[in-house]
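Asker:
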Amino acid sequence: MPLETDAAYACPYCGEQNYTGIDPSAGTRQRLIEDCPVCCRPIVLTIRIDSEGDALVESAEAES
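Each residue of the sequence shown is one higher than the one before, starting from 24 at the first, in the working numbering.
1. If the criterion is Cβ atoms closer than 8 Å, does the pair I66 and A30 meet it?
2. Assign P35 to one of three DSSP states: helix, strand, or coil.
3. Report the option in P35, G50, A85 whose CA atom is closest to the CA atom of A78.
4. Would you report the Cα separation of A33 and D73, rounded to the nearest angstrom?
5. Distance, Cα to Cα, N41 vs C59?
Written out as structure tokens, the structure is:
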């Protein structure tokens, strides 16, 4: 299993396509808050690690 994998998501504020590094050893379901590198607004990411070790963004939502 890789030490880190990239996951793509679209910013819910500006719509820009971004990538974030995910540590698969942190669990198969993860929730992160990360600032958009374009508009700098906080995004809540829900991540799932599949059986192959790939990270999939289930949702990218505006922080409430």
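Just so you know, even glycine gets a beta-carbon here, dropped at the ideal spot from N, CA and C.
Answerer: Looking at the atomic coordinates:
1. Taking 8 Å as the Cβ cut-off, I66 and A30 do not qualify as a contacting pair.
2. Three-state result, P35: coil.
3. Nearest C-alpha to A78 among P35, G50, A85: G50.
4. So the two alpha carbons sit approximately 20 Å from each other.
5. For the pair N41 and C59, the Cα-to-Cα distance works out to about 8 Å.
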